[in-house]
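Reading through the structure tokens given below for one structure.
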DNA sequence: GCCAACGTTGGC
DNA sequence: GCCAACGTTGGC
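Numbering (this note's numbering), first residue to last: 1 to 155.
Okay, structure coming up:
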């Protein structure tokens with residue numbers, strides 16, 4: 001396993017958990033991911049990996065801040081909590097289904113980078129970039145070093 | 001609030 | 001293993 005720093009993008013609905021919330025709490029367990037592809041990406045994350053914090057389902061969806069991976073993947077406790085909206089009756093402590101990572105606040109962007117602006121750079125970012133791929137709803141995705149640099153140059 | 005796109009579930 | 005039904009995501 002390489003120890004080179006990698007990059008990711010993680011979506012959150014700001015009414016649920018925003019970059020300001022992350023700034024306030026410092027570090028947050030990324031609960032609630034219930035998609036296997038997204039989960040598998042989290043399992044690949046290493047401490048110190050860069051995270052683009054994306055606001056979805058909001059007036060101006062886009063990238064609003066930067067975080068970093070503070071703890072590698074471990075079972076998401078909400079899958080065991082009956083009262084949680086993330087409860088999964090098929091998950092057991094012996095065989096958990098869902099993992100999460102801890103994300104630590106790094107900084108807010110000087111200005112948000114709106115999705116429609118990101119779309120304008122599709123050529124440079126690549127058609128395969130899940131964020132701008134038609135119909136893609138993936139909430140955790142890898143970002144290449146080149147994409148990371150390109151996106152932050154729009155700040 | 002609408003709805004297209006997608007993922008999951010469950011009957012067969 | 002197929003696929004219709006259903007639930008969710010997330011832009012608009």
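Just so you know, even glycine gets a beta-carbon here, dropped at the ideal spot from N, CA and C.
- [ ] Might you give, ordered along the chain, the residues of its own chain that have their beta carbon closer than 7 angstroms to the beta carbon of residue 49, omitting 5 neighbours on each side?
- [x] Excluding residues within five positions, the ones whose Cβ falls inside 7 angstroms are 5, 6, 7, 8, 68, 69.
TODO: Out of 108, 77, 20, point me to the one whose CA is closest to residue 66's CA.
DONE: Nearest of 108, 77, 20 to residue 66, Cα basis: 108.
TODO: Taking residue 55 as the reference, give the member of 3, 47, 114 with the closest Cα.
DONE: Among 3, 47, 114, the Cα nearest to that of residue 55 is on 114.
- [ ] Give the straight-line distance between the Cα atoms of residue 16 and residue 90, rounded to the nearest whole angstrom.
- [x] Distance between the alpha carbons of residue 16 and residue 90 is about 25 angstroms.
Task: Bounding residues of the alpha helix (DSSP H) (the contiguous stretch that carries residue 149) - done: 145 to 152 is the span of the alpha helix (DSSP H), which, as asked, contains residue 149.
- [ ] For the alpha helix (DSSP H) holding residue 125, just list the boundary residues, first then last.
- [x] Residue range 122 to 125 is occupied by the alpha helix (DSSP H) that includes residue 125.
Open item on the list: Please report the straight-line C-alpha distance between residue 13 and residue 46, rounded to a whole angstrom.
Closed with: Distance between the alpha carbons of residue 13 and residue 46: 24 angstroms.
Task: Assigned secondary structure, residue 66 (DSSP; H/G/I helix, E/B strand, else coil) - done: Shown here, residue 66 sits in a strand according to DSSP, grouped into three states.
TODO: Report back the beta-carbon spacing between residue 98 and residue 150 to the nearest angstrom; my notes put them in contact at under 8 angstroms.
DONE: Not a contact, Cβ separation roughly 31 angstroms.
Task: Range covered by the beta strand (DSSP E) that runs through residue 10 - done: That run of the beta strand (DSSP E) goes 7 to 12.
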